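For reference, the structure discussed in these notes is given below.
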Amino acid sequence: MRAMLFADQLVLDAPRRTAEGYLAVRAKAARTGVYQYTGREVDPDNTHGLRDQAIVNVLRDEGTVFDKRAARSFIGKPITTGHPAEPVNSKNWKQHADGVIMGALRDGEHLAFDLLLMDEAAIADTAAGTVELSNGYGARIEFGDFKAPDGTICQARQAEITDGNHVARVKFGRAGSTCRIGDAAVCDALPSNILDSLTKTEKPVKTIMIDGLTVDVSNADTAMATITTLIAARDAATGKVTGLEAKSVADAATIVAKDAEIAKLTADVAAAKPTLQQLRDAGKQFAVIEGKAKAMGVTVTDAMDEAAIMKAVVDKAMGATAKDYTADHVAIAFEALTKDAKVADAAVQPLGSPVVIGDSRQMRDAARQDYIASLTGQKKEAA
69 MRAMLFADQL VLDAPRRTAE GYLAVRAKAA RTGVYQYTGR EVDPDNTHGL RDQAIVNVLR
129 DEGTVFDKRA ARSFIGKPIT TGHPAEPVNS KNWKQHADGV IMGALRDGEH LAFDLLLMDE
189 AAIADTAAGT VELSNGYGAR IEFGDFKAPD GTICQARQAE ITDGNHVARV KFGRAGSTCR
249 IGDAAVCDAL PSNILDSLTK TEKPVKTIMI DGLTVDVSNA DTAMATITTL IAARDAATGK
309 VTGLEAKSVA DAATIVAKDA EIAKLTADVA AAKPTLQQLR DAGKQFAVIE GKAKAMGVTV
369 TDAMDEAAIM KAVVDKAMGA TAKDYTADHV AIAFEALTKD AKVADAAVQP LGSPVVIGDS
429 RQMRDAARQD YIASLTGQKK EAA
């Protein structure tokens with residue numbers, strides 16, 4: 069069992085102003101299902117042998133998401149601009165708080181929060197586009213073999229959400245479009261059970277997980293530098309995926325031409341037996357795709373062809389974002405995702421042509437003739 073701090077994301081959708089000018093919204097803040105992290109994020113010390121895995125599925129079930137004590141632990145906690153380099157507490161609350169979480173309730177398969185954003189600068193920043201939110205909370209992780217309702221196999225599960233710490237406004241989030249602010253009623257007063265959470269003593273936290281990445285917060289300067297680096301890397305990756313999607317749309321004509329070329333090649337293959345070289349090239353291409361998939365942590369079976377292997381890699385890395393991708397979109401995304409994948413070279417290296425040395429009798433006769441020639445001063449050519 070391992071204790072971690074997590075960050076779940078949601079998106080502002082329909083905020084509204086109160087009479088005092090505060091921004092009041094209800095947000096779907098957490099959902100059940102499977103979340104994906106790298107092995108280094110969930111098992112940095114390799115205690116459970118997961119550190120070097122590209123993807124680790126973490127299950128979050130109803131018992132964890134909708135636990136009353138866990139939900140109540142968020143009430144009264146602050147809304148911040150970005151994730152602080154340290155957990156928010158009574159000593160630094162004024163530095164980080166832009167608002168407060170007013171209430172929590174179940175909304176279908178989600179846990180929803182009533183949020184009240186009170187700082188004018190933060191409200192203006194929200195209107196300017198910083199509309200995604202990220203929940204910061206502590207959780208105990210249980211490792212083992214778990215199965216989600218949809219059949220997805222998971223290597224770990226959130227056994228318990230120990231305490232909510234804050235909700236941060238961020239540029240980009242992880243969870244997806246289902247976690248967003250709706251048009252439901254907004255709470256106008258502090259719930260009575262807020263007193264319970266305000267009287268609880270927060271447990272000291274040494275690390276915090278932001279967008280799934282563990283950050284050491286014992287040193288504030290180091291933590292802030294690490295957070296800045298991680299956010300920059302995440303934004304770059306998000307921009308790369310967005311660029312690929314835009315390219316696939318802009319190159320529609322190229323895709324059509326490629327489809328025609330594929331159709332012609334398909335007809336040629338059907339009409340003629342492939343050459344030995346074609347078979348070799350096809351085998352080499354399949355081996356490269358298979359090797360990249362394995363390097364990305366995807367299990368390849370004998371029943372999978374190239375298209376199925378590429379789709380498995382893209383689905384694992386991009387999840388629901390790629391659910392409507394065509395085969396060409398999948399190929400583009402696969403190439404981008406596996407560009408730096410390390411594939412073992414399985415090619416057989418030739419030893420060269422054999423050299424005929426001759427039998428022992430020929431070698432003996434040749435040596436004898438050379439010796440006689442050296443005695444007579446005449447150099448004879450060996451027959």
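Counting from 69, one number per residue, gives the positions in the sequence shown under my numbering.
No residue lacks a Cβ here, since even glycine has one placed at the ideal position from N, Cα and C.
Since we're looking at a predicted model, the values are computed, not measured.
Tell me, which residues are paired with K215 by DSSP?
I221
Cutting at 6 Å between CB atoms, please list the residues of its own chain near P152, excluding the five before and the five after it.
H164
Report the residue from A401, I357, S141 and G171 whose alpha carbon sits nearest the alpha carbon of A305.
A401
Length of the line joining the Cα atoms of A395 and K384
16 Å
On the three-pair Cβ rule with 8 Å, is the segment 210-221 touching the segment 131-138?
no
Proximity test, Cβ basis, 8 Å: F214 and chain B
Here chain B cannot be found, since the structure has a single protein chain.
Note down, in chain order, each residue of its chain lying with its Cβ closer than 8 Å to the Cβ of L263, except the 5 sequence neighbours on either side.
Interpretation of L263 is limited by its pLDDT of 34, a score under 50 that renders its predicted location unreliable; no figure is taken from the coordinates.
Indicate whether E374 and I357 have their beta-carbon atoms separated by less than 8 Å.
yes
CA-CA distance, A34 and Y90?
Outside the shown range of the chain (69 to 451) lies residue 34, about which nothing can therefore be said.
Complete runs of the alpha helix (DSSP H) confined to the segment 95-171 [at least 4 residues]
107-110, 130-133, 136-140 and 161-164
In whole angstroms, what is the alpha-carbon distance linking T343 and G387?
39 Å
Taking a contact to mean a Cβ-Cβ separation below 8 Å, would you say A224 touches V366 in this structure?
no
Do Q226 and V337 have their C-beta atoms within less than 8 Å of each other?
no
Are F211 and A172 closer than 8 Å when you measure CB to CB?
no
How many angstroms separate the CA atom of A300 from the CA atom of K239?
11 Å
So, is I209 buried or exposed, given that buried needs 16 or more other C-beta atoms within 10 angstroms?
Around the beta-carbon of I209, 16 or more other beta-carbon atoms lie within 10 Å, marking it buried.
What does the alpha-carbon distance come out to for the pair E228 and L333?
55 Å
Do the CB positions of F214 and A95 come within less than 8 Å of each other?
no
Per DSSP, cross-strand counterpart(s) of A92:
R84 and L184
For D166 and V324, what's the separation of their Cα atoms in angstroms?
51 Å
Coarse secondary structure for Y439, derived from DSSP in three states:
helix
Contacting residues, own chain, Cβ-Cβ under 8 Å from I377 (five flanking each side not counted)
Taking I377 as the centre and dropping the five residues before and after it, the same chain places the C-beta of I357, E358, A361, V366 and V368 closer than 8 Å to its C-beta, in chain order.
Considering only the alpha carbon of each residue, which of A92, Q121 and D113 lies closest to Q104?
Q121
Run of the alpha helix (DSSP H) containing M378, from where it starts to where it stops:
Unbroken alpha helix (DSSP H) run through M378: E374 to M386.
Taking the beta carbon of T149 as the centre, do at least 16 other beta carbons fall within 10 Å, making it buried, or is it exposed?
buried
Limits of the unbroken alpha helix (DSSP H) element including D327:
A320 to A339
Does the Cβ of V317 have 16 or more other Cβ atoms within 10 Å, making it buried, or fewer, making it exposed?
exposed
Excluding the five sequence neighbours on either side, which residues of its own chain have a C-beta within less than 6 Å of the C-beta of H178, listed in chain order?
Exclusion of the five residues before and after H178 leaves K96 and R99 as the residues of its chain whose Cβ lies within less than 6 Å of its Cβ.
Given a cut-off of 8 Å on the beta-carbon distance, is the pair L118 and I147 in contact?
no
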